[in-house]
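Take the sequence shown: its letter number 86 is residue 85 in numbering that gives the first Met the number 0, and every next letter is one higher.
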Amino acid sequence: MKNFLDNFKKELKIKNKYFSSNFITFLKYFLSDKITDNKVFTDKLLVGTNMNIFNRVMSAKYLLNKKKVISFQHANYSSLIYDDPMNECGEFCFSTNYIVNTNIKYKKKYIISDLLAPKLIKTYVDKKIKRIENQITLNKFLYVPNSYNSFRRYGYYRDIDDKIYIDWQKKIIKSNDNIFFKKHIKSRFDYNIFSKKIYINGLMEEQLDKFDLFIFDVISQPFFSIAKTDKKILYLDINQRIIDKKAYKLIKNRAYVFKCNYLTTTPNEINRAISMALKFKIKNFHILKYC
């Protein structure tokens, strides 16, 4: 391992002289050279996402002992929506069975080994559209951002430096006086960069009657919470995550999509996109096949 890391460091011209030792020290939190540490004491393991390294290590121990590992779709939508090897090689790996709530067929694209391709078991989920009755124009819009990363890194196309992301958020808030800010419910970092009066807390489902338009810049769980209703959606596509082409077409049928660059797009352009999103007529709800 040390030889590999030393060569890797040299090839990528990494200047930190402690790179190899730091990496190995980090790995020792999860790996052991004691055979007894690989023993398991149950016949099955029920585990959430194997994107989490702690879960991956536990799942690997069970698989090494030829035990069944049952993993679950950990959000209200399927990771198949992303064209991202990190999702396939993380979410669908290290399990014998994977429970999924989706009508989308799983096909291996990046995984080569059959060992890391679990049997998918589909379960029923009610996908009825929630109609919001007696809708009146409130002239209030809710921006629902991604979480801040701080020092954490998740992979290519997923990470935006917090300072750059905050500059982008300021453009969105500046674009219209009627935009409120919904904090990410699982965010571990909080900068409180705006006036307190625009911050909204609580569950997404509690906000349905309070806003005319919901603004997203990443397709994640909150997006699908609103997509299951007939509320208007503006998706500011800043290319933060690579979406499967078929899924992207379905998103464009459900929400108004404005493909933009978070470094160069102006507040005026965002405001025009808001106007277009308010006029947008939903073509269908087929994107819900992914949830």
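Glycine residues also receive a C-beta, built at the ideal position from the N, C-alpha and C atoms.
What is the C-beta distance between residue i and residue j, in whole angstroms, given that I count them as a contact (C-beta under 8 Å)?
i      : j      : result
ARG58  : VAL46  : Position check: residue 58 holds Ser in this sequence, whereas Arg was assumed. Indeed they touch by this definition, with Cβ atoms about 6 Å apart.
ASP211 : PHE257 : About 17 Å separates the two Cβ atoms, so there is no contact after all.
LYS181 : ILE199 : 5 Å
ILE98  : ILE120 : 5 Å
ALA254 : ILE273 : Wrong, their Cβ atoms sit about 12 Å apart, outside the cutoff.
THR101 : TYR289 : 6 Å
THR95  : LYS126 : Rounded, the Cβ-Cβ distance is 27 Å, inconsistent with contact.
Tell me the residue span of the alpha helix (DSSP H) that contains residue i.
i      : result
LEU11  : It is not in any alpha helix (DSSP H) - LEU11 carries neither H nor E in the DSSP assignment.
LEU26  : 18-26
TYR164 : 161-174
Are residue i and residue j closer than 8 Å when you measure CB to CB?
i      : j      : result
SER224 : ASN75  : yes
PRO144 : ASP236 : no
ASN270 : ASN175 : yes
ASP161 : ASN177 : no
ILE110 : GLU87  : yes
LYS195 : PRO266 : no
SER81  : ILE197 : Residue identity differs from the one stated: residue 81 is Tyr in this sequence, not Ser. The answer is no: Cβ separation not under 8 Å.
PHE22  : LEU4   : yes
ILE214 : ILE171 : yes
THR228 : LEU202 : no
ILE131 : LYS230 : yes
ILE286 : ALA246 : yes
TRP167 : TYR105 : no
SER19  : LYS33  : no
TYR142 : PHE179 : yes
Enumerate in chain order the residues of its own chain whose CB-to-CB distance from residue i is below 6 Å, with the five nearest sequence positions on each side excluded.
i      : result
ARG55  : ASN49 and PHE93
LEU44  : TYR61 and VAL68
ASN283 : ASN252
PHE348 : Shown here, the chain extends from 0 to 290; a query on residue 348 therefore has no answer.
Identify the continuous beta strand (DSSP E) that holds residue i and give its terminal residues.
i      : result
ASN96  : 96-99
PHE180 : 178-181
VAL39  : Careful: VAL39 lies outside any beta strand (DSSP E) and carries neither H nor E.
LYS118 : 118-121
LYS43  : 43-46
ILE192 : From DSSP, ILE192 is part of no beta strand (DSSP E); its letter is neither H nor E.
VAL217 : First-last for VAL217: undefined, no H or E at that position.
THR141 : Correcting the residue identity first, residue 141 is Leu in this sequence and not Thr. Segment 140-143, the beta strand (DSSP E) holding LEU141.
In chain order, what residues of the same chain have a beta carbon less than 8 Å from the beta carbon of residue i, not counting five sequence neighbours either side?
i      : result
TYR190 : TYR147, ASP161 and ILE165
LYS65  : none
SER77  : VAL99, ASN100, THR101, ILE103, TYR289 and CYS290
ASP243 : LEU79, ILE80, TYR81 and ASP82
ASP42  : LYS66 and LYS67
THR122 : ILE98, VAL99 and ASN100
LEU63  : ASN37
CYS259 : LEU235, ASP236, ILE237, GLU268, ILE269 and ALA272
Excluding sequence positions up to five away, which residues of its chain have a Cβ less than 7 Å from the Cβ of residue i?
i      : result
LYS108 : GLU87
PHE71  : GLY47 and ILE98
PHE279 : LYS231 and TYR255
GLY89  : ASN49 and MET50
GLU204 : SER224
LYS8   : PHE18 and SER19
CB of residue i to nearest heavy atom of the ligand FMN: below 7 Å?
i      : result
ASP160 : Among the components modelled here there is no ligand, and therefore nothing to report on the ligand FMN.
Exercise for review: Any chance you could list the alpha helix (DSSP H) runs of at least 4 consecutive residues sitting entirely within the stretch 226-272, in chain order?
Suggested key: 244-253
Check your understanding: What beta strand (DSSP E) runs, 3 residues minimum, are completely inside the stretch 48-115?
Key -> 67-71 and 96-99
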